[in-house]
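J.: The sequence shown begins at 1 in the UniProt record's numbering and counts up by one. Heads up, the beta-carbon is just placed ideally off N, CA and C, and yes, glycines get one too. Values in this document were obtained by computation on a predicted structure and should not be read as measured data.
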Amino acid sequence: MTRRPSLAIVGSGVAGLYAAVAAAERGHAAVLLTKDRLQDSNSWYAQGGLAAVGPDGAAAGDSVEQHVADTLRAGARLNDAGAVRLLCAAAWPQVRRLAALGSAFDTDATGTRYLLGLEAAHAHPRILHAGGDATGRALSRALIAACRRLEAQGRLEIREGAFVTALLHDAGRVAGVRLLRAGQRTGQRAGARELVAAGAGARGAGVSGMSGAGERDPLGAGAGEEGCAEEVRADVVLLATGGIGALYPQTTNPSGATGDGAALAWEAGAVLADAEFVQFHPTLVPHGPFMVSEAVRGEGAVLLDGTGRRFMPDVHPDAELAPRDVVARAIHRTRAATGAVHLDATGVERVRGAGFLARRFPAITARLAELGFDLATAPVPVAEAQHYWMGGVLTDGAGRTTVPGLLAAGETACTGVHGANRLASNSLLEALVYAWRAVAALDPHAPDTEAPGSAAATEALAGVHALDTAPAGPARPHPAPPDLADLHAVTGTGLGVERDAAGLRAAADRLARLQADHHRVRGPQDAGRTAVELSNLLVLGRVVASAAALRENSLGAHCRTDHPQPPATAARHGFVRRTTTQTGPATA
Numbered sequence: 001m002t003r004r005p006s007l008a009i010v011g012s013g014v015a016g017l018y019a020a021v022a023a024a025e026r027g028h029a030a031v032l033l034t035k036d037r038l039q040d041s042n043s044w045y046a047q048g049g050l051a052a053v054g055p056d057g058a059a060a061g062d063s064v065e066q067h068v069a070d071t072l073r074a075g076a077r078l079n080d081a082g083a084v085r086l087l088c089a090a091a092w093p094q095v096r097r098l099a100a101l102g103s104a105f106d107t108d109a110t111g112t113r114y115l116l117g118l119e120a121a122h123a124h125p126r127i128l129h130a131g132g133d134a135t136g137r138a139l140s141r142a143l144i145a146a147c148r149r150l151e152a153q154g155r156l157e158i159r160e161g162a163f164v165t166a167l168l169h170d171a172g173r174v175a176g177v178r179l180l181r182a183g184q185r186t187g188q189r190a191g192a193r194e195l196v197a198a199g200a201g202a203r204g205a206g207v208s209g210m211s212g213a214g215e216r217d218p219l220g221a222g223a224g225e226e227g228c229a230e231e232v233r234a235d236v237v238l239l240a241t242g243g244i245g246a247l248y249p250q251t252t253n254p255s256g257a258t259g260d261g262a263a264l265a266w267e268a269g270a271v272l273a274d275a276e277f278v279q280f281h282p283t284l285v286p287h288g289p290f291m292v293s294e295a296v297r298g299e300g301a302v303l304l305d306g307t308g309r310r311f312m313p314d315v316h317p318d319a320e321l322a323p324r325d326v327v328a329r330a331i332h333r334t335r336a337a338t339g340a341v342h343l344d345a346t347g348v349e350r351v352r353g354a355g356f357l358a359r360r361f362p363a364i365t366a367r368l369a370e371l372g373f374d375l376a377t378a379p380v381p382v383a384e385a386q387h388y389w390m391g392g393v394l395t396d397g398a399g400r401t402t403v404p405g406l407l408a409a410g411e412t413a414c415t416g417v418h419g420a421n422r423l424a425s426n427s428l429l430e431a432l433v434y435a436w437r438a439v440a441a442l443d444p445h446a447p448d449t450e451a452p453g454s455a456a457a458t459e460a461l462a463g464v465h466a467l468d469t470a471p472a473g474p475a476r477p478h479p480a481p482p483d484l485a486d487l488h489a490v491t492g493t494g495l496g497v498e499r500d501a502a503g504l505r506a507a508a509d510r511l512a513r514l515q516a517d518h519h520r521v522r523g524p525q526d527a528g529r530t531a532v533e534l535s536n537l538l539v540l541g542r543v544v545a546s547a548a549a550l551r552e553n554s555l556g557a558h559c560r561t562d563h564p565q566p567p568a569t570a571a572r573h574g575f576v577r578r579t580t581t582q583t584g585p586a587t588a
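#1: Given this structure, state the Cα-to-Cα distance separating L406 from T252, to the nearest angstrom.
#2: Less than 7 Å between the C-beta atoms of V521 and P479, yes or no?
#3: Quick one: Cα of D80 to Cα of E411, how far?
#4: Measuring CB atoms only, is the segment 109-118 touching the segment 148-164, in the sense that at least three cross pairs come out at less than 8 Å?
#5: DSSP state of A223, grouped into three classes?
#6: Does the beta carbon of F575 sit closer than 7 Å to a beta carbon anywhere in chain E?
#7: Enumerate, from N- to C-terminal direction, the unbroken beta strand (DSSP E) stretches of 3 or more residues contained entirely within the segment 226-284.
#8: Between the alpha carbons of P481 and T579, how many angstroms are there, rounded?
#9: Would you tell me roughly how many angstroms separate the C-alpha atoms of A507 and F361, rounded to the nearest one?
#10: Helix, strand or coil: how does DSSP classify T491 here?
#11: Nearest CA to the CA of R510: which residue from P323, H519, A489, G496?
#12: Does the Cβ of E552 have 16 or more other Cβ atoms within 10 Å, making it buried, or fewer, making it exposed?
#13: In whole angstroms, what separates the C-alpha of L375 from that of A265?
#14: Helix, strand or coil for P403 per DSSP?
#15: Counting only the same chain and skipping the five closest in sequence on each side, list residues whose C-beta sits under 7 Å from that of Y45.
#16: From the DSSP output, read off the bridge partner residues of T107.
#17: How is F356 classed by DSSP in three states: helix, strand or coil?
#18: Name, in chain order, the residues that DSSP records as bridge partners for H465.
#19: Using 10 angstroms around the beta-carbon of A29, count the other beta-carbons present and answer buried if the total reaches 16, otherwise exposed.
#20: Quick one: Cα of V236 to Cα of D443, how far?
#21: Return the Cβ separation of Q47 and M291 in integer angstroms, given the expectation that the two are a contact with Cβ distance under 8 Å.
#22: Could you pull the DSSP bridge partners for D170 from this structure?
#23: Cβ atoms of G503 and G492: under 7 Å apart, would you say?
#24: In angstroms with no decimal places, state the Cα-to-Cα distance between G11 and L484.
#25: Based on Cα-Cα distance, which residue from A322, N421, H122, C414 lies nearest to G261?
#26: Please determine if the segment 270-282 and the segment 30-44 are in contact, where contact requires at least 3 C-beta pairs separated by less than 8 Å.
#27: Would R499 pass as a contact of R560 if the rule is Cβ separation under 7 Å?
#28: Assign L104 to one of two classes, buried (16 or more other C-beta atoms within 10 Å of its C-beta) or exposed (fewer than that).
#29: Following the continuous alpha helix (DSSP H) through A548, name the residue where it begins and the one where it ends.
#30: If you compare alpha carbons, which of A234, I244, E65 is closest to residue 592?
#31: Which runs of the beta strand (DSSP E) fall wholly inside the segment 16-56 and span at least 3 residues, in chain order?
#32: Identify, in the order they occur along the chain, each residue of the same chain with its Cβ nearer than 7 Å to the Cβ of residue 596, setting aside the five sequence neighbours on each side.
#33: With a cut-off of 8 Å on the beta carbons, I'd call G256 and I244 a contact; round off their distance for me.
#34: Given Q515, which residues of its chain have a CB within under 6 Å of its CB, disregarding the five upstream and five downstream residues?
#35: Could you check the C-alpha separation between A424 and A51 for me, to the nearest Å?
#36: If we call anything under 7 Å between Cβ atoms a contact, is G132 one with A138?
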């Protein structure tokens with residue numbers, strides 16, 4: 001019998017969890033690695049839902065074709081149309097698979113029809129939610145439970161507190177990962193074991209050389225700082241570590257969003273695509289900080305400037321439900337002009353009845369109450385904040401990167417689905433659809449997993465910009481060790497909602513100096529978690545700055561104040577890859 005390839009999955013958001021379930025169910029020897037706990041992910045905090053159009057749950061007049069059209073329009077048509085069609089057509093089958101795994105989406109009083117929400121840039125209500133405004137948590141819980149069941153059956157290895165610091169290579173392919181284990185003190189030398197994820201071709205077999213299901217590591221802030229390095233060998237590595245939120249001073253992401261997967265792929269020589277496209281969510285409550293889902297605007301909340309005037313109808317025909325890039329820029333400019341922007345939902349309950357907001361948005365209502373706000377009775381101050389990275393590691397329809405043996409899924413990947421600006425509630429969907437396809441395509445006999453090469457992948461062959469992101473710069477005798485505050489002082493201004501050549505050049509120069517200082521103070525051999533995460537962010541900050549400088553036009557979430565016009569011809573993707581001569585420490 002042909003042995004199925006072994007798989008190391010890095011990251012425990014929806015993409016990583018779903019890939020782990022799919023791999024175990026298909027009989028792969030799989031290990032799921034996450035640097036904290038399984039629930040410590042962007043997905044866990046996702047308030048938005050899952051966009052899907054199905055035969056037994058569509059709003060009147062809606063269709064898969066309309067979902068495709070809305071996605072292309074929101075993405076400024078930089079999207080890969082084939083990838084978008086694949087995504088939207090696969091949405092409803094994923095809903096059914098999730099239901100079979102135990103995910104319960106919100107339904108009406110009869111329990112027979114899904115409740116469908118309306119969010120920005122969607123032509124019809126098509127957003128499924130779970131727990132009102134806790135969809136990410138509900139999906140994650142169901143998938144974590146499925147992973148734990150598979151672990152108990154010996155069909156999946158789970159390792160929490162396993163921070164991946166480098167990819168292993170053999171004969172021109174990725175062949176596993178190097179990691180730090182939390183809870184292992186340097187002085188308690190456990191030995192640098194080599195854990196081989198091989199053998200075990202039969203369904204239900206354990207993973208050779210991997211620890212038992214009962215093993216757990218104590219976790220906490222800074223877990224892994226004094227960890228012991230280990231290696232996990234695997235035929236294929238799938239990166240699903242989420243986005244780059246920690247690159248910015250204001251973000252909706254948790255602190256662990258340090259771009260680890262993208263940095264690992266970058267160091268391995270993978271092509272990154274559309275790195276300049278960083279989405280900012282319009283409504284973060286700075287006091288938390290805490291994000292208020294745009295589903296609140298979908299229910300009728302409006303945005304007011306510092307004088308109390310509603311301003312979005314003057315900006316876009318869809319007003320508060322315009323695409324996110326439009327609303328975020330409008331808030332950015334309005335705050336600068338009038339001093340503040342508020343989200344006003346006080347009129348919603350006049351239409352929907354008293355108590356509606358608390359029932360529809362229980363988590364948001366509770367968190368705002370902790371911060372001293374009540375959506376139902378008074379406007380809430382909001383500001384734009386980094387939310388999502390449309391760019392990432394270039395992949396095809398089966399999650400394959402430009403590096404043999406390396407896959408990517410979720411926010412780590414750039415599938416071409418989102419284009420220049422992500423449509424609301426397409427991110428969880430993309431994570432599910434493409435993670436499933438990545439694992440399914442490992443089986444060469446699967447009839448339903450043909451992986452079309454994306455238009456972006458074909459285009460990338462023609463023009464990739466090589467960037468040198470190795471630590472370099474004038475030597476300073478006693479550089480101060482840089483930290484996140486130094487990084488944020490650069491990215492918050494130079495890589496924000498609006499950009500220009502001077503700001504991007506200054507940001508790139510400053511990031512290069514910070515990276516050089518970090519390298520000199522820490523040293524190239526410092527593989528502690530804090531050092532590696534900061535290295536990852538500094539490298540990716542330089543990648544974003546360089547990609548943004550290369551695109552001398554404004555498109556979607558990429559706004560150049562010195563080049564405000566969109567491209568004169570059809571927009572093209574941007575591709576970057578590290579120079580082959582550099583030896584930077586981003587993931588070493």
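T.: Answer, in terms of the structure:
#1: 28 Å
#2: yes
#3: Going by the C-alpha atoms only, they are around 16 Å apart.
#4: no
#5: Note that A223 scores a pLDDT of 39, beneath 50, so its modelled location is shaky; the value from the coordinates is reported in the next line. Secondary structure of A223 (DSSP, three-state): coil.
#6: The structure shown contains no chain E, having only a single protein chain.
#7: 228-233, 236-239
#8: T579 has its alpha-carbon roughly 26 Å from the corresponding atom of P481.
#9: 39 Å
#10: helix
#11: A489
#12: exposed
#13: 42 Å
#14: Residue 403 is actually Val in this sequence, not Pro. Correct three-state label for V403: coil.
#15: G136, P254
#16: Answer is Y114.
#17: helix
#18: Per the DSSP secondary-structure output, H465 pairs in a beta bridge with V576.
#19: buried
#20: Using only the alpha carbons, I get a separation of about 12 Å.
#21: 7 Å
#22: R173
#23: no
#24: 22 Å
#25: G261 has its Cα closest to that of C414, out of A322, N421, H122, C414.
#26: no
#27: yes
#28: The amino acid at residue 104 is misidentified as Leu; the sequence shows Ala. Burial call: exposed.
#29: Unbroken alpha helix (DSSP H) run through A548: 529-550.
#30: Since the first residue of the chain shown is 1 and the last is 588, residue 592 is not available in this structure.
#31: 30-34
#32: Outside the shown range of the chain (1 to 588) lies residue 596, about which nothing can therefore be said.
#33: Not confirmed; about 11 Å, so no contact.
#34: P471, L538
#35: 8 Å
#36: no
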